[in-house]
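Numbering (our numbering), first residue to last: 361 to 687.
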C-alpha cells in the first residue's frame with residue numbers, strides 16, 4: 361500500500377491545493393476592488409489586468425481539479441501501486457548501500473592516516489586510558505573527525521608527557537552512548553577532555569527506512585509460500601533476488617567485488633544490507649522447505665541444501681547456498 365507521504369508526492373495534492381486556495385483568495389481580492397481595473401458600467405463590463413489574471417487563475421483552478429482526479433486514480437491503480445513499492449524499496453536499499461560504501465571509504469582513509477603516523481587509530485583493540493563518549497542518550501552516528509584537532513591534541517599530550525590520544529571510531533560509525541570515541545590519558549584535565557570531545561562530531565541516528573520495506577516484502581512472500589500460491593510466491597522471490605542487483609551495482613561502481621569479505625571486513629558491529637537480504641531469503645527457504653512452486657516457466661524449489669531460483673533476473677551468484685540462475 362502507498363503511504364500518505366508517497367500518495368501526496370505522486371498526486372501533487374499539496375501543491376495543487378495551495379494553488380487553488382491562493383487562486384480563490386486572489387479572485388476574492390479582485391472582486392473587492394483590489395488591483396488596476398476598470399469597474400463595470402451598464403454600458404461596458406469591467407476589464408483590466410486584475411480581472412484578466414483572476415479569470416485565468418479561475419480557469420487553471422478548474423483544470424487542476426481534473427488533473428488531481430486523474431493523478432489520484434493513477435496512484436490508486438494496483439499495477440502503479442506495485443511499481444511505486446518496487447521503486448521505493450530499491451531507492452531505500454540504494455541509500456543504505458551508499459552509506460555502507462561511504463563508511464568503507466572513511467575507514468580506509470582513517471587507516472591510511474594511521475599508517476602514515478598522522479593519528480593513532482585502533483578501532484578493534486582495547487586501549488588503556490580514559491574514554492571520551494558522546495555524552496548523549498541513544499545511539500548516534502559519527503559525521504566528522506577533525507584531523508587537525510587530533511594532531512593538536514597529540515602535540516599537547518607530547519608536550520605534557522601524556523600518552524597519545526587514540527581514535528576509536530571513523531565517519532559513518534554508529535555508536536552507543538557508552539561507546540568510546542577517543543581514548544586519552546587518565547591524568548588529562550577537564551580542558552583536554554573538552555577539546556578531545558570537540559574532535560569528533562556526531563548526530564542522531566537516522567530512521568531505518570529499509571527495515572519496514574523489507575519486512576513487508578518478506579511477510580507477503582511467506583504468506584504466498586505457505587498458502588501455496590505459486591505465481592505470487594515466485595514473484596515475491598524474484599523481487600527479493602532483484603534487490604541484490606542494487607547492492608552489486610553499488611559495489612561495482614566503487615570497484616569492489618561484493619563477497620563474504622566485503623561484509624564483515626569493515627562493519628562488524630552492524631548487519632549490512634546484503635546480510636539482511638540473505639537472512640530474509642534464508643527465512644523464505646525454511647518456510648518453503650519441501651515445497652516446489654512452478655508457474656509460467658519459472659520454478660522455485662526449497663530444500664535443506666538451499667533453494668534454487670530460476671527467474672528473469674540478470675545476475676548469477678552462488679552465495680551461502682543460494683543459487684541464482686538466468687532464465
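Backbone N, C-alpha and C define an ideal beta-carbon position, used for all residues, glycine too.
Query: Residues bridged to residue 491 (per DSSP); Result: 543
Query: Whether residue 527 touches residue 510 by CB criterion (8 Å); Result: yes
Query: Inter-residue Cα distance where the pair is residue 429 and residue 464; Result: 46 Å
Query: Among 555, 632 and 375, nearest to residue 425 - alpha-carbon criterion; Result: 375
Query: Among 498, 476, 532 and 410, the one whose alpha carbon lies nearest that of residue 385; Result: 410
Query: Distance, residue 581 Cα to residue 448 Cα; Result: 17 Å
Query: Euclidean distance between Cα positions of residue 671 and residue 602; Result: For residue 671, the pLDDT reaches just 33, beneath the cut-off of 50, and the residue's location in the model is therefore unreliable, leaving the point undetermined.
Query: Residues near residue 494 in its chain [Cβ-Cβ closer than 7 Å; skip 5 each side]; Result: 500, 535, 537, 541 and 562
Query: Residue from 451, 617, 444 and 381 whose Cα sits closest to the Cα of residue 421; Result: 381
Query: Coil, strand or helix - residue 693 by DSSP; Result: This structure gives no information on residue 693, because the portion of the chain shown stretches from 361 to 687.
Query: Three-way DSSP call (helix, strand, coil) for residue 451 in this model; Result: helix
Query: Residue environment, residue 416, which counts as buried when at least 16 other CB atoms sit within 10 Å; Result: exposed
Query: Rounded separation between residue 517 and residue 613 - CA only; Result: 42 Å
Query: Anticipated Cβ contact below 8 Å, residue 515 with residue 470, distance rounded; Result: Contact doesn't hold; Cβ gap of about 19 Å is too wide.
Query: Local conformation of residue 598 per DSSP, three classes; Result: helix
Query: Proximity of residue 505 and residue 559 at Cβ, strictly below 8 Å; Result: yes
Query: Anticipated Cβ contact below 8 Å, residue 489 with residue 523, distance rounded; Result: 6 Å
Query: Residue 369, enclosing alpha helix (DSSP H) - first and last residue; Result: 364-371
Query: DSSP three-state assignment for residue 381, whether helix, strand or coil; Result: helix
Query: Rounded straight-line distance, which links the Cα of residue 453 to that of residue 640; Result: 14 Å
Query: As assigned by DSSP and simplified to three states, the class of residue 651; Result: Its pLDDT being 46, under 50, residue 651 is placed unreliably by the model, and nothing is read from it.
Query: Close beta carbons around residue 395, own chain, < 6 Å, minus the five adjacent residues each side; Result: 410
Query: Under 8 Å between C-beta atoms of residue 570 and residue 520; Result: no
Query: According to DSSP, residues forming a beta bridge with residue 550; Result: DSSP, once it has assigned bridges, lists no residue as partnering residue 550.
Query: Separation of residue 481 from residue 436, as counted between CA atoms; Result: 53 Å
Query: Residue 372 versus residue 427 - alpha carbon distance; Result: 10 Å
Query: Residue 491 versus residue 543 - alpha carbon distance; Result: 5 Å
Query: Sheet register partners of residue 526 (DSSP bridge); Result: 480 and 543
Query: First through last residue of the alpha helix (DSSP H) which encompasses residue 394; Result: Premise fails: residue 394 is in no alpha helix (DSSP H) and is neither H nor E.
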